[in-house]
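Below is one structure; the comments refer to it alone.
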Amino acid sequence: MNINYINMIIKISICFLLLILFSCQNHSSNKNYIKFKIPEQEIKITHHDSSSTNLKSFLNLTSYKCIVFLEGDCGVCLSNLPSINNFLNQHTKIPYIYVIRTNSTKTFNAYCSLHNLDINVIYDAPGTIQKTNQLINTNFILLNSENEIITKENPLENSKTKKLYKKLSSSPNKK
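With this note's numbering applied, the sequence shown corresponds to residues 11 to 185, in that order.
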């Protein structure tokens, strides 16, 4: 092998290494958070006991909060619901709501009853909330008290995000 070939391989390797390092940065440390927007139409949160509040009142909470987007007609999505709910109930103290896209609220409610899930739900069949906030293909968002999106990562699939949820829920001064 000649020296020029080895130098070229080293340069290419360094470029790939730099590319990997800079592409894997955690964007949650970025202080220029995107503000969560409320759709123009009024969106109600329905609780298991049929009481309801609106999205604005949830967003007015002066703490961190989580919104979980879920396809209510997707079997795989529904099978993940108990573990998601367990994580949010057992391992964090962060308030949360589910935004469900479904063509059958009865079927979704029956699934929740079958699995004894006591959850706050927003039914948003047209996906208005995700479209308004450009969150298509996003399942989790964590908001701060100013309703800025801290992270869009799934805490069940990303260990750094899981640690963040736990850290924020244990901090005495919730922002």
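The beta-carbon is built from N, C-alpha and C at its ideal position, and this holds for glycine as well.
Residue j beta carbon less than 7 angstroms from that of residue i
{"i": "T171", "j": "P49", "result": "no"}
{"i": "I159", "j": "I20", "result": "no"}
{"i": "L166", "j": "F97", "result": "yes"}
{"i": "S73", "j": "S179", "result": "no"}
{"i": "L65", "j": "I77", "result": "no"}
{"i": "G82", "j": "F118", "result": "yes"}
Secondary structure of residue i, DSSP reduced to three states
{"i": "T171", "result": "helix"}
{"i": "N36", "result": "Residue placement at N36 is poorly supported in this model, since its pLDDT is 43, which falls under 50; the coordinates still yield a value, given next. Correct three-state label for N36: coil."}
{"i": "N64", "result": "strand"}
{"i": "T161", "result": "strand"}
{"i": "F118", "result": "helix"}
{"i": "K103", "result": "coil"}
{"i": "K45", "result": "strand"}
{"i": "I24", "result": "helix"}
{"i": "I132", "result": "strand"}
{"i": "L145", "result": "coil"}
Enclosing alpha helix (DSSP H) for residue i [first to last residue]
{"i": "Y106", "result": "Segment Y106 to R111 is the beta strand (DSSP E) holding Y106; no alpha helix (DSSP H) there."}
{"i": "I139", "result": "T138 to T142"}
{"i": "I2", "result": "The structure shown does not extend to residue 2, since the chain is modelled only from 11 through 185, so no value can be given for it."}
Residues of its chain near residue i, where Cβ-Cβ distance is below 6 angstroms and the 5 sequence neighbours each way are ignored
{"i": "P92", "result": "H125"}
{"i": "L80", "result": "C87, Y108 and I110"}
{"i": "K162", "result": "T148 and I151"}
{"i": "I13", "result": "none"}
Other residues of its chain near residue i: CB distance less than 8 angstroms, five sequence neighbours each side excluded
{"i": "N95", "result": "L127 and I129"}
{"i": "N36", "result": "Residue confidence for N36 is low, a pLDDT of 43 falling below 50, so the modelled location carries little weight; the figure read from the coordinates is stated next. Closer than 8 angstroms at the Cβ level, and outside the excluded window around N36, lie K170."}
Nonlocal neighbours in the same chain, by C-beta distance under 7 angstroms from residue i, ignoring five residues either side
{"i": "N70", "result": "none"}
Proximity test, residue i beta-carbon vs the ligand MG heavy atom, cut-off 6 angstroms
{"i": "K162", "result": "The ligand MG is not among the ligands present in this structure, which contains no ligands whatsoever."}
Residue i, buried or exposed, once every other Cβ within 10 Å from all chains shown has been counted against 16
{"i": "K75", "result": "buried"}
{"i": "Q140", "result": "buried"}
{"i": "I24", "result": "exposed"}
Start and end residues, beta strand (DSSP E) containing residue i
{"i": "L80", "result": "K75 to E81"}
{"i": "L152", "result": "F150 to L153"}
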